[in-house]
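>
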Amino acid sequence: MFDSQFTPNQQSVVTIMDSHKAAKAVKPKRNMSLGLVSLLFLAPALVFYIAFELWPIIQTIWYSFYEWNGIDASTFIGVENYITVFTDPDLYGSILHSFYLIIFFSIIPIVLGLIIAVLIKDMKSKVGRSFAQVCLFLPRVIPGAAAGVAWTWMLADKGTANQLLRAVGLGDFAHVWLGDQSTSLNAVGVIGFWLQLGFCVVLLLSGIGGIDQSLYEAASLDGAGWWRQLFSITLPGLRGQIGVCLTMTIISALASFDVVYMSTQGGPGTSTMVPGVQVYRLAFTQQSVGLASALAVTLMILVLLVVGPLQRLVNGKEQ
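Using the numbering used here, the first residue of the sequence shown is number -17, and each one after it goes up by one.
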């Protein structure tokens, strides 16, 4: 009855409007169904994450407020474990050692890795570039525990390092590098540097490949030298990659365990003790689960305090 009041063109407009209304009514239902499907796909991973990641963290935080040997009944002691962490020289000393290792695990590999990556980029031979990348990245493939054992042999009194020194007439500098408190922490740092350098080089090299090469050509025409191009083009273009390198290597330094445990086990004395090894000793050797949990929570907070602002700084500059 009402359709006869409209011309054919008007009827088509009304039909289109009705179809749009119907589509809008269906769209929320479609979005809801897609959301449910997404949740179903995420559910298995979410269950594993809660069971094996989130719940252990919650339990560790809970145990940190108790005195517990892992077997008998626990006793609530409040923040006493945290006070011990920051007043016991052995415990807070291990935290200071891990921060010192950042120099070897993070700063030196990134600085040297950047220079090596730029030099590899300028190589004419593709085979040479590929060979250099493989050789540099190879240590990253080796497990940290295996690297710790291998370097323990090389840095021993009759190891490869001292044999090379004696062969070139520098026998007076031969040393038990991991067995002396004055050199052991630096020696562990060298192992960490060896493990992290290849990762930094390959990541930075991939970032350099994404920089517009016309920028380098224009800079060369303007008379910019190698160092000028490095600071004006390469570094700004690698901000994201440098942020990833800093994040990964700093976490490796602060949470180091396998390299230290397999090479020195925190010794001699406590000269190379780091929080990871200290947590292991407290929990499984001294049965001080509460104190070990407090140290682990402290380490987690320190990692977040270091990495969090770093990520915000890098992301903010990129935006």
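Every residue gets a Cβ at the ideal spot worked out from N, C-alpha and C, and that includes glycine.
For clarity, every value in this text was computed on a predicted model and none was experimentally measured.
If you draw a straight line from the alpha carbon of V261 to that of F58, how long is it in whole angstroms?
20 Å
> Which of the three DSSP states is assigned to F(-12) in this structure?
Note that F(-12) scores 48 on pLDDT, short of 50, meaning its location in the model is unreliable; the coordinates nonetheless yield the value given after this. In this structure, F(-12) counts as coil in the three-state DSSP scheme.
> Going by other Cβ atoms of all chains shown within 10 Å of its Cβ, with 16 needed for buried, is Q41 buried or exposed?
exposed
> Please tell me whether I89 has its Cβ less than 7 Å away from any Cβ of chain D.
You won't find chain D in this structure, because it holds only one protein chain.
> For Y48, list the residues DSSP reports as bridge partners.
F58
> If contacts are defined as beta-carbon pairs under 8 Å, then G130 and S245 qualify, I think. What distance do you get, rounded to the angstrom?
4 Å
> Could you check the C-alpha separation between D139 and A278 for me, to the nearest Å?
35 Å
> What does the Cβ neighbour count give for N297, buried or exposed, with the cut at 16 atoms within 10 Å?
exposed
> Do you know how far the Cα of R210 is from the Cα of E199?
13 Å
> So is P291 buried or exposed if we call it buried at 16+ other beta carbons inside 10 Å?
Per the 10 Å Cβ criterion, exposed.
> Should N144 go down as buried or exposed, given a rule of 16 or more other Cβ atoms within 10 Å for buried?
buried
> Between I84, L160, F87 and G180, which has its C-alpha nearest C117's C-alpha?
Cα-wise, what sits closest to C117 is G180.
> Pick helix, strand or coil for P250, following the three-state DSSP scheme.
coil
> Kindly list the residues whose CB is nearer than 8 Å to the CB of S166, restricted to its own chain and excluding five residues on each side of it in sequence; keep chain order.
W159, L160, T246, G249, P250, S253 and T254
> Nearest by alpha-carbon distance to V100: which of L220, V242 and Q293 is it?
That would be L220, whose Cα lies nearest to the Cα of V100.
> Taking 7 Å as the cut-off, decide whether the C-beta atoms of S88 and T216 are in contact.
no
> Leaving out the 5 sequence neighbours to the left and right, which residues in its chain are closer than 6 Å to A114 when beta-carbon positions are compared?
I102
> Could you tell me whether the segment 258 to 276 touches the segment 19 to 27, where touching means 3 or more Cβ pairs closer than 8 Å?
Flag = no, the segment 258 to 276 and the segment 19 to 27 do not touch.
> Is the Cβ-Cβ distance between L185 and C227 less than 7 Å?
yes
> What does the Cβ neighbour count give for Y45, buried or exposed, with the cut at 16 atoms within 10 Å?
Counting Cβ neighbours within 10 Å, Y45 comes out buried, since at least 16 surround it.
> Could you check if S80 is buried or exposed, using at least 16 other CB atoms within 10 Å of its CB as the buried criterion?
buried
> Near Q223, what residues of its chain come up, given a Cβ to Cβ distance below 6 Å and the 5 sequence neighbours on each side ignored?
L185, L186 and G189
> What is the DSSP secondary structure of T165, reduced to helix, strand or coil?
coil
> Under 7 Å, do E35 and G272 count as touching if we go by C-beta distance?
no
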